[in-house]
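With the numbering used here, the residue at position 306 of the sequence shown is 328, and numbering never jumps.
Backbone N, C-alpha and C define an ideal beta-carbon position, used for all residues, glycine too.
In this text, all values refer to a predicted model and were calculated from it rather than measured experimentally.
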Amino acid sequence: MKNISKYWLCQIVGWGSNIAISLFFVFTLGRYQGVYVLSLVLTCAAGLLITHLMRIHIHKLKVMSMRIKRQVIYFIVLTVLYAIVFGVASEFIDYAVGYMPSEKMQSYSRGVRILLSTFNGLWVLLIWNFIYFLYHYVETNRKQELNNLKLEATVKSLELKTIKSHINPHFIFNALNSIRALVDENPVRARRAITELSNILRSSMSAEKEETVPLKQELNLVSDYLQLEQMRFEERLKVEMNVEEDTLQHPFPPMMLQMLVENGIKHGISKQIKGGVIKIQAKYIADKLQLTVTNTGILQHNGRSVQEGGFGLKSTTDRLHLLYNDEARFEIKELKEGEVESTIIIPRTTPINS
């Protein structure tokens, strides 16, 4: 039974049920005749063969790939043609086995009996074609929906990889500029900076393989980055961290925190003569991780955005959307004059694309 396809299983069950229902009414309401049972079985066997031939024509004509209106037209035409075949076959079987349904039928000519058998067969084939059409219509839509979901997942994956591929070069170029500024001024610090950069690159290459990493790993990466930047800014850059212990294992998109810190330094602190402070906080609020990066600087100057926009912040929004849809949120705002806060809120749930 396992080796029988769904189609043949439905064929056998359908025509078998037709025989069973007909026999039930004959035994309960009519008069049992052995020749009737023979005629019934042979007629249903012929019906199975005829519907199978009709299915072959449906496939050869590629009816299911046509537009819906043409499908309906072809199904109606095929149903009528094969109903005539069914009517002729039914009448031939009755004649061959010597069965006559009633005395009234005996008074009809053979042509009229074929017409009546064709009419009866028409309803049977209409029901068969309706079920067949409905099954394939639902199955086609289901496959199309699955394909669309697979395509959407593939597109999201490609978008995410594209975004991540921009992150590392964006960071590397800024880091190299920091090191270049130290080469002539302080070679010893420059060598230390190269060591720090190698640690960062090693971490980022490892992070590239994952959609999320523990927050602790991301904080270590940011610490290396800040040590590198402190060599360039010296006393102009101060760092404060307030991270709750229970948040350290929370899954977090790699390089995202580093990008926010880099954005705060590049567009905020580096613009200030006296430098400024980078504050990093992580805590749980209402079962969601809230991570904030506060930096000295301004969000807008003379009505123009200073820290908003650009690839870094846009990629943060895009990555959160791709990973969590609408369950995660990113916002950047000016708390007061001279202080900007970036906030990421991420649910405890596993990212959608992980």
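Own chain residues within Cβ distance below 7 Å of valine 110, not counting five before or after | Ile136
Using a Cβ-Cβ cut-off of 6 Å (strictly less than) and excluding sequence neighbours within five positions of lysine 301, which residues of its own chain qualify?
-> Glu262 and Thr316
Kindly list the residues whose CB is nearer than 8 Å to the CB of asparagine 221, restricted to its own chain and excluding five residues on each side of it in sequence; keep chain order.
-> Asp246
Residues near lysine 84 by beta carbon distance below 8 Å, same chain, minus five either side | none
Specify the secondary structure class of glutamate 262 as computed by DSSP and reduced to three states.
-> strand
Candidates Arg224, Leu223 and Ile201: closest to arginine 214 by CA position | Ile201
Pick from Tyr104, Lys82 and Pro369: whose alpha carbon is nearest that of leucine 70?
-> Tyr104
Inter-residue spacing [alpha-carbon to alpha-carbon] between methionine 281 and proline 275 = 11 Å
Measure the alpha-carbon distance for isoleucine 80 versus glutamate 232 and round it to whole angstroms.
-> 49 Å
Buried or exposed: where does glycine 38 fall if 16 or more other Cβ atoms within 10 Å of its Cβ makes it buried?
-> exposed
What's the C-alpha gap between leucine 250 and glycine 290?
-> 17 Å
Output the distance between the C-alpha atoms of arginine 258 and asparagine 170, rounded to the nearest integer angstrom.
-> 52 Å
Relative to the C-alpha of lysine 355, which residue among Gly286, Ile26 and Ser225 is closest?
-> Gly286
Classification of valine 94 by the beta-carbon crowding that lies within 10 angstroms, buried from 16 upward | exposed
Alanine 197 to threonine 162 span [Cα, whole Å] | 53 Å
Other residues of its chain near alanine 350: CB distance less than 8 Å, five sequence neighbours each side excluded | Leu342, His343, Ile366, Ile367, Ile368 and Pro369
For aspartate 268, which residues from the same chain have a beta carbon less than 8 Å from its beta carbon, with the 5 sequence-adjacent residues on both sides left out?
-> Tyr306
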